[in-house]
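In the working numbering, the protein residues as written are 14 to 130.
Where is the CB? At the ideal position from N, CA and C, for every residue including glycine.
Being a predicted model, the structure only gives us computed values, none of them experimental.
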């Protein structure tokens, strides 16, 4: 029945608003809100794939703003991951190295005699 009816194209402004909300959730370190906005952002992306944006005179400007928001959010996510990694390293201490600088293992050799079973 709805096969002939095309779904409304998602708005690029909606995507930009979702990216801004994602950024705010990351800055606030609100995991629940971030999970919610990530799910809605994923839905918006899926909708964009099904029904591409309609022709618009300002599409280049909006796409540029979306790209800038994506770059900003990805930089923020990388920094957050690096901070979390550093915090975990401070809590757990450095991991023992598996190999020396010469490429040898730090573990003692476990050798058996030729005729041992």
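Item	Value
Spatial neighbours of residue 104 in its chain, beta-carbon cut-off 8 Å, leaving aside the 5 residues before and after	none
Short Cβ contact (9 Å threshold) for residue 23 with residue 61	yes
Burial state of residue 35 (16 or more Cβ within 10 Å)	buried
Distance between beta carbons of residue 39 and residue 89, contact taken as under 8 Å	5 Å
Test item: CB-CB of residue 31 and residue 57 under 9 Å	yes
Residue 128 (DSSP reduced to helix, strand or coil)	coil
Residue 24, DSSP secondary structure in three states	coil
For residue 114, three-class secondary structure by DSSP	coil
Spatial distance of residue 53 from residue 28 (CA atoms)	9 Å
Proximity of residue 84 and residue 25 at Cβ, strictly below 9 Å	no
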